[in-house]
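Participant:
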Amino acid sequence: MRVATIAGTLVFLGCAGQSDPNGAARPTDVCERTQKGRVTLAVDAEPIVQSRATAVFSDVIVSSQAPRCTTRPVGGCSVTECVAADPPAGLACQELVRTTGAGSISISGGASAPLSMTSDAKRGYAGFSSGGARWTPGDALTITAAGGEVPAFDATLTFPSRVEITGPADYVAKKNPIALDWKTGVPLSWKPGVGRVWLHLFQGDPELRKRTDIECEADATSGSYTIPSDTLVMLEGSRDTTKANATLEIAGRSMVERAAGEYTVIVEAIYREEPRQLVLALDGAPAK
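Quick note on the numbering used here: the sequence shown kicks off at 13 and runs consecutively.
Structure representation (structure tokens):
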């Protein structure tokens, strides 16, 4: 494998044109590096009100020929499909996952005293949790990372509103799963608030070793949104209406993205009102 250094960053060029023992040409094996992080401040309103702060940073190297997650825009939403499978044999690039850190991370704003999180070289950040709502809608929050292997960064957020769902009736009652209509989408309504409403529809199939995540956002002041049918057809179809075909979670969310050296860092504040809700596929759902 060839390695080059460009602007201080290692670039793994891989081994192209190699042959397997049978003489067949292998696909070009290129090592791809992803450096990313996420800092999350959250209030979970149910079943028990609690607040938490977490941070995670990683440096990942994988082969371009290894199974992976792909993300693409569909119907105004983001659809991520992941498949768990063993990579082809004989790859020169071996997967490497490292936990990294950005030094001490301080969080201030709102009525509560500032807090900080520190990292352990092996286990990452321990995080923070407490009972009650530490942050309230409209709080101006400042997140500052002192810097470490991940360079220093800072971000400001406004804590979002709690999303109080008013429809459909099945969701409000919390008794029955929501019927998912593949042709018209999933209409949802809520009391207008501050910030954005995050809608996360996901489906995992352990037998097929795959997972699909659909993420959509709407302005909280609008009071309504329909998860578009264009995204629903990305899910595995099911004609069994007695079983949940997917799971839906809804939350108020504020999010910014920061560049810290080669790292892409997402900083987010989440107000999650309801437990995750099961979603049923209607009879005649499409099969992929």
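Backbone N, C-alpha and C define an ideal beta-carbon position, used for all residues, glycine too.
Once the 5 residues before and after Leu247 are set aside, which same chain residues still bring their CB inside 7 Å of it?
Facilitator: Gln215, Thr224, Asn257, Ala258, listed in sequence order.
Participant: Near Pro163, what residues of its chain come up, given a Cβ to Cβ distance below 6 Å and the 5 sequence neighbours on each side ignored?
Facilitator: So the list reads Ala272, Gly273, once near-sequence residues are dropped.
Participant: Contact check, Ala67 vs Tyr137 under 8 Å by CB: the rounded distance?
Facilitator: Yes, they are in contact, since the Cβ atoms of Ala67 and Tyr137 sit about 4 Å apart, within 8 Å.
Participant: Between which two residues does the alpha helix (DSSP H) harbouring Ser173 extend?
Facilitator: From DSSP, Ser173 is part of no alpha helix (DSSP H); its letter is neither H nor E.
Participant: Take Ile1 as the anchor and find which of Val268, Phe69, Lys203, Val51 has the nearest alpha-carbon.
Facilitator: The chain is shown from 13 up to 300; residue 1 falls before or after that span and cannot be answered.
Participant: For Pro199, which residues of its own chain have a beta-carbon under 6 Å away from its beta-carbon, when the five flanking residues on both sides are left out?
Facilitator: If we look at Pro199 and ignore the five residues flanking it on each side, its Cβ neighbours are Thr238.
Participant: Give the DSSP-derived three-state secondary structure of Asp242 in the structure shown.
Facilitator: Asp242: helix per DSSP, three-state reduction.
Participant: Buried or exposed: which applies to Thr243, given that a residue is buried once 16 or more other Cβ atoms fall within 10 Å of its Cβ?
Facilitator: Thr243 is buried by the Cβ-count criterion.
Participant: Considering only the alpha carbon of each residue, which of Gly144, Gly235, Arg221, Thr276 lies closest to Asp56?
Facilitator: Measuring from the Cα of Asp56, the nearest candidate turns out to be Gly144.
Participant: DSSP three-state label for Ala181, please.
Facilitator: Helix, per DSSP.
Participant: Using only the alpha-carbon positions, how far apart do Gly160 and Ala65 sit?
Facilitator: The alpha-carbon atoms of Gly160 and Ala65 are separated by roughly 19 Å.
Participant: To the nearest whole angstrom, what separates the beta carbons of Gly87 and Pro180, a pair I think is in contact under 8 Å?
Facilitator: Not quite, the Cβ-Cβ distance comes to about 20 Å (not below 8 Å), so this is no contact.
Participant: If Leu103 and Ile73 are in contact, beta carbons under 8 Å, what's the gap, nearest whole angstrom?
Facilitator: Going by Cβ atoms, the distance from Leu103 to Ile73 rounds to 12 Å, so no, they are not a contact pair.
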